[in-house]
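Student:
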Amino acid sequence: MDKAEFKKSLLKIAFKPLTLLNMMKKKDKRLIFFYSNLGFRDNVKAFYDFLIEHNYNEKYYFVVSINDYEDYQFNAPKHVKFVNNKEGIKYFLKAKYAFYCFGKYPIKPAKSQMVVNLWHGTPLKRIGNLEDGKEQVDYNFFTKVIASSPMYQPIMADIFGCKEEDVDVLGNPRNDEMFKVNQILDTAILRGARRLIVWLPTYREFNDNMLVPLLTNDELEDLNQFLRTKNWRMIIKLHPLQEASLSDMKYSHIDIYNEKQLKDNDMSVYTILRNADALIT
Numbered sequence: 029m030d031k032a033e034f035k036k037s038l039l040k041i042a043f044k045p046l047t048l049l050n051m052m053k054k055k056d057k058r059l060i061f062f063y064s065n066l067g068f069r070d071n072v073k074a075f076y077d078f079l080i081e082h083n084y085n086e087k088y089y090f091v092v093s094i095n096d097y098e099d100y101q102f103n104a105p106k107h108v109k110f111v112n113n114k115e116g117i118k119y120f121l122k123a124k125y126a127f128y129c130f131g132k133y134p135i136k137p138a139k140s141q142m143v144v145n146l147w148h149g150t151p152l153k154r155i156g157n158l159e160d161g162k163e164q165v166d167y168n169f170f171t172k173v174i175a176s177s178p179m180y181q182p183i184m185a186d187i188f189g190c191k192e193e194d195v196d197v198l199g200n201p202r203n204d205e206m207f208k209v210n211q212i213l214d215t216a217i218l219r220g221a222r223r224l225i226v227w228l229p230t231y232r233e234f235n236d237n238m239l240v241p242l243l244t245n246d247e248l249e250d251l252n253q254f255l256r257t258k259n260w261r262m263i264i265k266l267h268p269l270q271e272a273s274l275s276d277m278k279y280s281h282i283d284i285y286n287e288k289q290l291k292d293n294d295m296s297v298y299t300i301l302r303n304a305d306a307l308i309t
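Residue numbering for the sequence shown follows the working numbering, starting at 29 and increasing by one per position.
1) Starting from F120, follow the alpha helix (DSSP H) in both directions and report where the run begins and ends.
2) Following the continuous alpha helix (DSSP H) through Y298, name the residue where it begins and the one where it ends.
3) Taking G156 as the reference, which of P137, F170, G189 has the closest Cα?
4) What does a CB cutoff of less than 6 Å around L266 pick up in its chain, not counting 5 residues either side in sequence?
5) Pop quiz: I264 and P229 are said to be a contact at Cβ under 8 Å. What is the actual Cβ separation, rounded to whole angstroms?
6) Do V72 and Y128 have their beta-carbon atoms positioned less than 7 Å apart in this structure?
7) What is the DSSP secondary structure of S280, counted as helix, strand or coil?
8) Out of P178, L307, A138, state which residue places its alpha-carbon closest to the alpha-carbon of F120.
9) Rounded to the nearest angstrom, how far is the Cβ of A126 from that of Y63, given a contact under 8 Å?
10) Which whole-angstrom value is the C-beta distance of I80 and A123, which I expect to be below 8 Å?
11) On the DSSP letters alone, give me the boundaries of the beta strand (DSSP E) that A304 sits inside.
12) To the nearest angstrom, report how far apart F170 and Q211 are at their CA atoms.
13) Threshold first: 4 residues or longer. Then list the alpha helix (DSSP H) segments lying entirely within the region 132-193, N to C.
14) Just verifying my parser: in three-state terms, what is the DSSP assignment at V72?
15) With contact counted as at least three CB pairs below 8 Å, one residue from each stretch, are the region 159-169 and the region 86-93 in contact?
16) Considering Cα atoms alone, identify which of N95, M52, K57, L48 is closest to N65.
17) Look up L243 in the DSSP assignment and give the residues it is bridged to.
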């Protein structure tokens, strides 16, 4: 067991009494709880946005427990409260409905509670209980988990150690953004280019001479010149956990975004993808 898994195991032991408390505590049918420990984004944010857009906060109370809660707490919509993940525990224990896609409280859901693991995509490699050495780790802290197709129902069940009947085939809420139209924003993304290529590189430690894998900064400049001759644009969206300074990265036909820049512009990677002609990933 590596250090990270050991720490998680200790955390689960510390949370065990809360599972017992959760089983006993009465649930508020009007309380919907959202959780993330990697920023307010992806499926949990997309589902929250959908509920707000359709005025569910008129009928229900929302509590959003996230690590970056301070960015939202002073502009919260009606009946919505943003809290840190420590304070969020007490709201989780009384919420009838709870949703997460990153991290979780290692608290088993009560029978009177619906806890949905929205996850964050379709696994293309072994994760969870399918990963070597992690076959006995308990990842099942939900009532339902979603899968993108029937083919993935048994796979997701094996990953999270749950029954296939606990895996619901649903679309990823974040993908809805790809089917929306915002003419002003979409025009700004394309900036007059004939074609848009989106590159989503995997996580790498930051290197001053190589911001993205495969290409040095000099090679990025060569790529920029090629794109200019074609009147094509490329948007490189760095991995959400990538830490890098982009202040010196200025190209005429290449834009490089990190997670903060997208958030500051009220965009997601799916806003960009709906305008893309090609994807490198």
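Built from N, CA and C at the ideal position, the CB exists for glycine as well.
None of the values given here were measured: they were computed from a predicted structure.
Tutor: Taking the structure as given:
1) Taken as a continuous stretch (DSSP letters only), the alpha helix (DSSP H) holding F120 covers 116-122.
2) 297-301
3) G189
4) So the qualifying residues of the chain are N286.
5) 7 Å
6) Contact annotation: Y128 and V72 have beta-carbon atoms nearer than 7 Å.
7) coil
8) A138
9) Right, their Cβ atoms sit about 7 Å apart.
10) The pair is not a contact, with the Cβ atoms about 17 Å apart (cut-off 8 Å).
11) From DSSP, A304 is part of no beta strand (DSSP E); its letter is neither H nor E.
12) 39 Å
13) 181-188
14) helix
15) no
16) Check the Cα spacing between N65 and each of N95, M52, K57, L48: the tightest is with N95.
17) V240
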